[in-house]
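Chains E and H, in that order, are what the protein sequence lines are. Its first residue numbered 5, the first sequence is counted upward by one per residue in this note's numbering. Its first residue numbered 5, the second sequence is counted upward by one per residue in this note's numbering.
Number of protein chains: 2
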Amino acid sequence: MDYDKYAHEPFAVTVDLAVLTIAEGALHALLVERGQEPYAGHWALPGGFVHPDESAETAARRELAEETGLSDLSGLHLEQLRTYSEPDRDPRMRVVSVAFAALLPDPPEPHGGSDAAEARWVPYDKAGPLAFDHDRILADAHERVGAKLEYTCLATAFCPPEFTLGELQQVYETVWGTVLDRPNFRRKVLATPGFVEAVPGAARLTGGRGKPAALYRAGPAATLHPPLLRPSPEGRPA
Amino acid sequence: MDYDKYAHEPFAVTVDLAVLTIAEGALHALLVERGQEPYAGHWALPGGFVHPDESAETAARRELAEETGLSDLSGLHLEQLRTYSEPDRDPRMRVVSVAFAALLPDPPEPHGGSDAAEARWVPYDKAGPLAFDHDRILADAHERVGAKLEYTCLATAFCPPEFTLGELQQVYETVWGTVLDRPNFRRKVLATPGFVEAVPGAARLTGGRGKPAALYRAGPAATLHPPLLRPSPEGRPA
DNA sequence: ATGACTAATAGTCACTACGACTATAAAGGG
DNA sequence: CCCTTTATAGTCGTAGTGACTATTAGTCAT
């Protein structure tokens, strides 16, 4: 392969982040208002160019911090989604974008950052037409996260370090858009080894309206065996 | 975002393909012997530069045809794996590579192609140290395919248009490295709607040593509900 | 307090899925 | 013809799951 022959090609590499969280019982995405052309004034996913000395993962974390001013990225779950490389996806030049799905518990307040006029959490359904192909990236992220809830412990990434089973169930219900039976959900989660583990001596007392719930932490397992399948929308046999 | 500021950055975008097939009851990967530096003479995954006017998917198909001389790419299943972007993954320049997992039934004979001195099917275990980070890409592809066999109909991508349940079972056994109970596997596959459908009036007669097996085609389903979980290596509860 | 309301947790029951089997059928090879 | 091989049929006990009912332990309004 002749490298130098291609070294002058006008390829730019960017990252785009579909950052999801759960607020007020609804799925929210983190969007920024673009300050520059193209699509100035439109809403878009946070993202930006990968620098010459960093990986896409590093660039994703940096851009997220820069554009949205989020300070606490400790609980951030970051995961490659896929790479979008259609030649015409950016009207100005050839841009290949590595997209990420990111999950965050307890959404912190974003501040508009360097390249973005403003950053805001927007309910997933109301994340209107976005710039570039970001609508599709966001939809792909939602689909991927929904699928991974079935067979991985990903749901805990939406939760703070200590959480109740009710909160965990809300994650599933919110992302899937379904209602789950509480006792059955509880039985299933507790029967899956390594999914969650009880916090030694605590129960959330004040705040909630009902009986205080026990607190749990994410367990050591990464995958769910057996999986927690989402209910069949219609005549699916399982 | 100031596009022009980055337009000169020496980013090259390539594709790499982990092409898998099953031959003689073993998992094989398609490798090429590199003709140029770096890593001249080493074995590597097929791949190459993305052209300015094509997507990564298009480039993947083109490179596969060019480098390995495979003519029949009709049954090829191509799927993005992930993008590898560590700054030092190529010793000569900054290369971001979009990796693909590809599945092919009935491995055709490859011919060395344009950039590759030679192309060959190599048993997965004997795919020694490869150039760049291709060992990792190949391992990631294997892991991904193994996982997707559990909850998607991907296994049929390893099979010709018409196949027996024995062949389908061999796909699972080969990729997972396990042995499955034949009657149970059969029951499970036939009980999953849309996974396979019987070919109207046929049964493979000659060739095999035992009772002739019925022929099946891939069904319309894309995902498996419920999933076909691989047996627990040890004390996993399911 | 006291009773309504809410949410967490415990438990039941029937049905289905699945792992581990045994048995039979239909080919080929000595 | 028997023996081997592979496909297919069927059985049985158990674990997992959906749809429930019941109890417990808090808050809130009166």
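Beta carbons: idealized from backbone N, C-alpha and C, even for Gly.
Using a cut-off of 9 angstroms between C-beta atoms, extract the partners of H146 of chain H located in chain E.
Your numbering for residue 146 of chain H matches position 142 in the second sequence. Going along chain E, no residue has its Cβ under 9 angstroms from H146 of chain H, so there is no contact; the nearest lies around 16 angstroms.
E154 of chain E to L233 of chain E, Cα distance in whole Å?
The residue given as residue 154 of chain E occupies position 150 in the first sequence. The residue given as residue 233 of chain E occupies position 229 in the first sequence. In a straight line, the C-alpha of E154 of chain E is about 5 angstroms away from that of L233 of chain E.
Within the 9 angstroms Cβ cut-off, does E238 of chain E reach chain H?
Here residue 238 of chain E corresponds to residue number 234 of the first sequence, with the count starting at 1. Unreliable placement is indicated for E238 of chain E, whose pLDDT of 49 sits below 50; no coordinate value is reported for it.
Please confirm if D20 of chain H has its CB atom under 9 angstroms from at least one CB of chain E.
As a first step, residue 20 of chain H is located in the second sequence; it is residue number 16 there, counting from the start. Closer than 9 angstroms: no.
Beta-carbon proximity check, V23 of chain E vs T87 of chain H, cutoff 9 angstroms:
Indexing the first sequence from 1 puts residue 23 of chain E at position 19. Indexing the second sequence from 1 puts residue 87 of chain H at position 83. No, the Cβ-Cβ distance between V23 of chain E and T87 of chain H is not below 9 angstroms.
Going straight from the alpha carbon of Y7 of chain H to that of P133 of chain E, what length do you get?
The sequence position of residue 7 of chain H within the second sequence is 3, counting from 1. The sequence position of residue 133 of chain E within the first sequence is 129, counting from 1. Residue placement at Y7 of chain H is flagged as unreliable, the pLDDT there being 46, under the threshold of 50; a coordinate-derived value is accordingly withheld.
On the criterion of 16 or more Cβ atoms from any shown chain inside 10 Å, does T182 of chain H qualify as buried, or is it exposed?
Indexing the second sequence from 1 puts residue 182 of chain H at position 178. The residue in question, T182 of chain H, is exposed, as its Cβ has fewer than 16 Cβ neighbours within 10 Å.
Host alpha helix (DSSP H) of R86 of chain H (start-end)
The count along the second sequence starts at 1 and reaches residue 86 of chain H at position 82. No alpha helix (DSSP H) holds R86 of chain H; the beta strand (DSSP E) holding it covers 81-88.
Does the CB of H229 of chain E have a neighbour CB from chain H at under 9 angstroms?
Along the first sequence, read from residue 1 onward, the residue named residue 229 of chain E stands at position 225. Yes, contact with chain H.
Just list the residues that DSSP pairs T18 of chain H with in beta bridges.
In the second sequence, counting from the first residue as 1, residue 18 of chain H sits at position 14. According to DSSP, T18 of chain H bridges with H:F53, H:S101.
Mind checking if P114 of chain E is an interface residue toward chain H, Cβ cutoff 9 angstroms exclusive?
For the purposes of this step, residue 114 of chain E is taken as residue 110 along the first sequence, with counting starting at 1. Judged by the 9 angstroms Cβ criterion, P114 of chain E is not in contact with chain H.
Euclidean distance between Cα positions of H12 of chain H and Q40 of chain E
Counting from one through the second sequence, the residue named residue 12 of chain H turns up at place 8. Counting from one through the first sequence, the residue named residue 40 of chain E turns up at place 36. Any reading at H12 of chain H needs caution, since the residue's pLDDT is 46, under 50, leaving its predicted position unreliable; the model's value is listed next. Going by the C-alpha atoms only, they are around 20 angstroms apart.
From H229 of chain E to A16 of chain H, what does the alpha carbon distance come to, in whole angstroms?
For the purposes of this step, residue 229 of chain E is taken as the residue at position 225 of the first sequence. For the purposes of this step, residue 16 of chain H is taken as the residue at position 12 of the second sequence. Each residue's alpha carbon lies about 41 angstroms from the other.
Could you please tell me which residues of the segment 125-140 of chain E, in chain order, have their CB closer than 8 angstroms to any CB of chain H?
none
Have a look at H:S236, H:A48, H:A222 and flag the residue whose alpha-carbon is nearest the alpha-carbon of A123 of chain H.
What you label residue 123 of chain H is simply residue 119 of the second sequence in a count that begins at 1. The shortest Cα separation from A123 of chain H among H:S236, H:A48, H:A222 belongs to H:A48.
Taking CB distances under 9 angstroms as the criterion, tell me whether L219 of chain H reaches chain E.
One-based indexing of the second sequence puts residue 219 of chain H at position 215. No, because no Cβ of chain E sits closer than 9 angstroms to the Cβ of L219 of chain H.
Listed by chain order, chain E residues near Y155 of chain H by CB distance under 7 angstroms
Position 151 of the second sequence, counted from the first residue, corresponds to residue 155 of chain H. Correct list: Y155.
DSSP beta-bridge partners for P204 of chain E?
Translated into positions along the first sequence, residue 204 of chain E becomes position 200. Partner(s): none; P204 of chain E has no beta bridge.
Limits of the alpha helix (DSSP H) - the one that H46 of chain H falls within
Translated into positions along the second sequence, residue 46 of chain H becomes position 42. Looking at the DSSP string, H46 of chain H is not in any alpha helix (DSSP H), and its letter there is neither H nor E.
Which listed residue (H:V19, H:G205, H:H138, H:A222) has its alpha carbon closest to that of E171 of chain H
Within the second sequence, the letter at position 167 stands for residue 171 of chain H. Selected option, being the one with the closest Cα: H:A222.
Using only CA atoms, which one of E:L169, E:P14, E:T178 lies nearest to F189 of chain E?
Translated into positions along the first sequence, residue 189 of chain E becomes position 185. Among E:L169, E:P14, E:T178, the Cα nearest to that of F189 of chain E belongs to E:L169.
C-beta neighbour in chain H for P224 of chain E, strict 9 angstroms
Locating residue 224 of chain E in the first sequence gives position 220, counting from the first residue. Chain H, which has no Cβ nearer than 9 angstroms to the Cβ of P224 of chain E, makes this no.
Any idea what DSSP makes of P95 of chain H, helix, strand or coil?
Counting from one through the second sequence, the residue named residue 95 of chain H turns up at place 91. Here P95 of chain H sits in coil by DSSP.
What residue from E:L77, E:Q84, E:S59, E:F136 has the CA that sits closest to P109 of chain E's CA?
As a position in the first sequence, residue 109 of chain E is number 105, starting the count at 1. If we check each option's Cα against that of P109 of chain E, E:L77 comes out closest.
7 angstroms Cβ cut-off: residues of chain H touching E58 of chain E:
One-based indexing of the first sequence puts residue 58 of chain E at position 54. P91, listed in chain order.
Do you know offhand how far S236 of chain H's Cα is from T227 of chain E's?
In the second sequence, residue 236 of chain H corresponds to position 232, counting from 1. In the first sequence, residue 227 of chain E corresponds to position 223, counting from 1. Taking the straight line from one Cα to the other gives about 12 angstroms.
Specify the secondary structure class of F167 of chain E as computed by DSSP and reduced to three states.
Reading the first sequence from its first residue, position 163 is the one you call residue 167 of chain E. In this structure, F167 of chain E counts as strand in the three-state DSSP scheme.
Is V179 of chain H close to chain E? Criterion is C-beta to C-beta, closer than 9 angstroms.
Position 175 of the second sequence, counting from 1, holds the residue named residue 179 of chain H. For V179 of chain H, the answer is no, since every Cβ of chain E falls outside 9 angstroms of its Cβ.
In angstroms, rounded to a whole number, what distance separates the CA positions of P112 of chain E and L74 of chain E?
Residue numbering aside, residue 112 of chain E sits at position 108 when the first sequence is read from its first letter. Residue numbering aside, residue 74 of chain E sits at position 70 when the first sequence is read from its first letter. Whole-angstrom Cα-Cα distance: 7 angstroms.
Compare the C-alpha of G79 of chain H against each of H:E37, H:V203, H:G205, H:A159 and name the closest.
Numbered from 1 along the second sequence, position 75 holds the residue referred to as residue 79 of chain H. Checked all of H:E37, H:V203, H:G205, H:A159; the closest Cα to G79 of chain H is H:A159.
Which chain E residues sit within Cβ distance under 8 angstroms of T25 of chain H?
For this step, residue 25 of chain H is matched to residue 21 along the second sequence. None at all; the shortest Cβ gap to chain E is about 23 angstroms.
Is the distance from the Cβ of T196 of chain H to the Cβ of A161 of chain H below 9 angstroms?
As a first step, residue 196 of chain H is located in the second sequence; it is residue number 192 there, counting from the start. As a first step, residue 161 of chain H is located in the second sequence; it is residue number 157 there, counting from the start. No, they are not a contact pair.
Give the straight-line distance between the Cα atoms of G52 of chain E and S89 of chain E, rounded to the nearest whole angstrom.
Here residue 52 of chain E is taken as the residue at index 48 of the first sequence, counted from 1. Here residue 89 of chain E is taken as the residue at index 85 of the first sequence, counted from 1. So the two alpha carbons sit approximately 15 angstroms from each other.
On a Cα-Cα basis, can you pick out the residue from H:L21, H:T25, H:E28 that is closest to L85 of chain H?
Your numbering for residue 85 of chain H matches position 81 in the second sequence. That would be H:L21, whose Cα lies nearest to the Cα of L85 of chain H.
Please check the pair W180 of chain H and T25 of chain H, which I expect to be a contact at CB under 8 angstroms, by giving their CB distance rounded to whole angstroms.
On the second sequence, position 176 is the one that residue 180 of chain H refers to. On the second sequence, position 21 is the one that residue 25 of chain H refers to. In fact, because the Cβ distance is near 16 angstroms, the residues do not count as touching under 8 angstroms.
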